[in-house]
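My numbering numbers the first residue of the sequence shown as 20 and each following residue consecutively. Even glycine gets a Cβ: it sits at the ideal position worked out from N, Cα and C. One structure below.
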Amino acid sequence: MHRIHLCPADLRFPVARGNDLLSAAAETGIRVPVACRNGVCEICEARLISGQALNTRNQQPIPTGERLMMCRTQALSDIELEIPAVMATGMYQPKVYMAKVVDVSAISHDVHRVELKLPRRRDVGFHAGQYLSVNLPDADPCYFSIASSPAEDNIVLHIQAAPDWVSAQKVIDALTSGEEIMVELPHGKACLAAAPDKPLVLVAAGTGFAQMKSLVEYLKTTNFRHTVKLFWGVRKQEDMYLRSLAQQWHDEWGAFTFVPVIGDDEDNDWGGHHDQLVRAVLASGADWSNVEVHASGSPAMVYSLMDALTEAGLPEGAFLSDVLEYAPRA
Ligand code: FES
Numbered sequence: 020m021h022r023i024h025l026c027p028a029d030l031r032f033p034v035a036r037g038n039d040l041l042s043a044a045a046e047t048g049i050r051v052p053v054a055c056r057n058g059v060c061e062i063c064e065a066r067l068i069s070g071q072a073l074n075t076r077n078q079q080p081i082p083t084g085e086r087l088m089m090c091r092t093q094a095l096s097d098i099e100l101e102i103p104a105v106m107a108t109g110m111y112q113p114k115v116y117m118a119k120v121v122d123v124s125a126i127s128h129d130v131h132r133v134e135l136k137l138p139r140r141r142d143v144g145f146h147a148g149q150y151l152s153v154n155l156p157d158a159d160p161c162y163f164s165i166a167s168s169p170a171e172d173n174i175v176l177h178i179q180a181a182p183d184w185v186s187a188q189k190v191i192d193a194l195t196s197g198e199e200i201m202v203e204l205p206h207g208k209a210c211l212a213a214a215p216d217k218p219l220v221l222v223a224a225g226t227g228f229a230q231m232k233s234l235v236e237y238l239k240t241t242n243f244r245h246t247v248k249l250f251w252g253v254r255k256q257e258d259m260y261l262r263s264l265a266q267q268w269h270d271e272w273g274a275f276t277f278v279p280v281i282g283d284d285e286d287n288d289w290g291g292h293h294d295q296l297v298r299a300v301l302a303s304g305a306d307w308s309n310v311e312v313h314a315s316g317s318p319a320m321v322y323s324l325m326d327a328l329t330e331a332g333l334p335e336g337a338f339l340s341d342v343l344e345y346a347p348r349a
């Protein structure tokens, strides 16, 4: 087993003897541009900065400083590569696109599933867990988590059009199948550019589930070797709009645990403090010094969870949430 270091993204992944670098990167969830997988199209080109590597097309060693195709290269030692096409968290620059609305359908009493098709999808990069804005004419941008994995062709959103969320209701009213809308993506640093080398705890409140769905579906495409535990908190049973999907992950993926947390089940004031969800996460008894936590929900829930977990021993850098970026604490 050798270690590969990709620059400038500063991403690392292991590669087993006999495996090519492209396959090994994909198993860790690192997105390297790929097409022919045979050393012909040159889309997976990188440059060898240090270490020893073998060109498997001609069985010749690759000199330091030379270009190589990751799909036709094996590592003979730990190596460092330069590949500008691989992006780390936060390195994708948001861009505006016109997206076609493929489908809008209600998946609960107030949540809509929206499917968008982007032109030249292969050229649009984002990481699992990022979000986009829908930019309607004469309205402020409206932000939604991307609920689909970067590996999927179309982009899926879960939009909650509750009566007290006027801007989201406007977006739903404006979306008609077949129409085009303006979107900007990707946004957000609480995402995964590669599968982390530690267990994951995912905590979602309400439609925060969308972000977790993108992360889970991405992790399922990698060779993730650790456990994943998803806590999903809602006010009422009927708000858990894709419970059967989360349960299916639980039933089919041995490393995955789903813990539903429903306000109805306990006589508490869910809207006040989200205590029930935080208590459920704390009670899971994880080794907080060695997990990565991703949280999506209201600032009140996210900060109360972060405080509780850091007090329990979670290192500060191991807690990721977009809330820390868009609603920083004073
Ligand atoms: S994928 Fe075509 S050269 Fe590697």
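Neighbourhood of residue i by C-beta distance below 7 angstroms, restricted to the same chain and skipping five residues each side
i, result
"D97", "H21, R22, G70"
"K217", "H245, N309, V310, E311"
For residue j and residue i, believed in contact at Cβ under 8 angstroms, the rounded distance
i, j, result
"A351", "I191", "The structure shown does not extend to residue 351, since the chain is modelled only from 20 to 349, so the question has no answer here."
"A28", "A107", "4 angstroms"
"A213", "F243", "That belief does not hold up - the Cβ atoms of A213 and F243 are roughly 10 angstroms apart, past 8 angstroms."
"L234", "G148", "5 angstroms"
"A224", "S317", "6 angstroms"
"V300", "L219", "V300 to L219, Cβ: 13 angstroms. No contact."
"I81", "T92", "7 angstroms"
"V123", "K136", "The pair is not a contact, with the Cβ atoms about 13 angstroms apart (cut-off 8 angstroms)."
Sequence-distant residues of the same chain with beta carbon closer than 8 angstroms to residue i, five excluded per side
i, result
"V115", "N154, M201, V202, E203"
"G109", "K208"
Residue i: CB within 6 angstroms of a non-hydrogen atom of ligand 1
i, result
"A54", "yes"
"M231", "no"
"I49", "no"
"E61", "yes"
"C26", "no"
"C90", "yes"
"G304", "no"
"G58", "yes"
Residue i: first and last residue of the uninterrupted beta strand (DSSP E) it sits in
i, result
"M201", "199–206"
"I81", "79–81"
"L67", "64–69"
"L95", "Per DSSP, L95 belongs to no beta strand (DSSP E) and is neither H nor E."
"V342", "V342 -> not in any beta strand (DSSP E); alpha helix (DSSP H) instead, spanning 342–345."
"R86", "86–88"
Spatial neighbours of residue i in its chain, beta-carbon cut-off 6 angstroms, leaving aside the 5 residues before and after
i, result
"I126", "R132, Y260"
"D341", "G207, A209"
"L339", "A209, H313"
"T83", "L67"
Alpha-carbon spacing of residue i relative to residue j, whole angstroms
i, j, result
"D258", "G282", "10 angstroms"
"A314", "R76", "45 angstroms"
"L30", "D183", "42 angstroms"
"L151", "R56", "31 angstroms"
"S164", "F145", "12 angstroms"
"V222", "L73", "43 angstroms"
"C26", "G58", "21 angstroms"
"E156", "I178", "The displayed chain sequence assigns Pro, not Glu, to residue 156. Taking the straight line from one Cα to the other gives about 18 angstroms."
"W289", "A104", "Unreliable positioning characterises W289 in this predicted model, as indicated by a pLDDT of 48, which lies under 50. A coordinate reading is not provided."
"P52", "I62", "6 angstroms"
"H292", "L328", "Any answer about H292 is weak, because its pLDDT of 48 lies below 50 and its placement is not dependable; what the coordinates show is given next. About 16 angstroms."
"A193", "V297", "36 angstroms"
"A158", "P347", "24 angstroms"
"L333", "C60", "45 angstroms"
Boundaries (first-last residue) of the alpha helix (DSSP H) holding residue i
i, result
"W184", "Careful: W184 lies outside any alpha helix (DSSP H) and carries neither H nor E."
"H269", "262–271"
"A54", "Careful: A54 lies outside any alpha helix (DSSP H) and carries neither H nor E."
"M320", "318–330"
"R298", "294–301"
"P236", "Before going further, note that residue 236 is Glu rather than Pro in the sequence given. Element bounds for E236: 228–238."
"A44", "40–46"
Residue-level contact to chain C via CB, residue i, 7 angstroms cutoff
i, result
"V202", "Judged by its chain identifiers, the structure shown contains no chain C, having just a single protein chain."
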